[in-house]
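Throughout the sequence shown, residue numbering follows my numbering, covering 2 to 77 in sequence.
Even glycine gets a Cβ: it sits at the ideal position worked out from N, Cα and C.
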Amino acid sequence: MLYTINDVMRKLDLIESNIQTNKSNNELMTIRDVIRYSKLSDATIRRSIMRGTLKPFKEDGKKLFRKTDVNNWLKG
Numbered sequence: 002m003l004y005t006i007n008d009v010m011r012k013l014d015l016i017e018s019n020i021q022t023n024k025s026n027n028e029l030m031t032i033r034d035v036i037r038y039s040k041l042s043d044a045t046i047r048r049s050i051m052r053g054t055l056k057p058f059k060e061d062g063k064k065l066f067r068k069t070d071v072n073n074w075l076k077g
C-alpha cells in the first residue's frame, strides 16, 4: 500500500496530538496546583486527602497527584 505525503503528514499529526494529550493527562500536580486547577480551597483538598477520596501519587515528602486522578476525583 502506498501513502501520499499528505497521508503520512496527517498520520504524524494524529500521533503527535495523541502524545501531547497523554503527556498533559499524566502531568504531576502539587497541592497548590490542584487548588489552582480545581478552584477549590486548600481545606477542601486536604480534607479529601484525609478521607482518602483524593489519593496522592507520592505521599512521602511533597504530595504529588496525577492530573488524571484529579480529573476523576473532580468528576466525583
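- Secondary-structure assignment with DSSP links Phe66 through a beta bridge to Met30.
- Within its own chain, the residues whose Cβ lies closer than 8 Å to the Cβ of Lys63, once the five positions on either side in sequence are excluded, are Thr31, listed in chain order.
- Ranked by how close their Cα comes to the Cα of Phe58, the residues Ser39, Val71, Arg47, Arg48 have Val71 in first place.
- Boundaries of the alpha helix (DSSP H) harbouring Thr45: 43-52, taken from the DSSP string.
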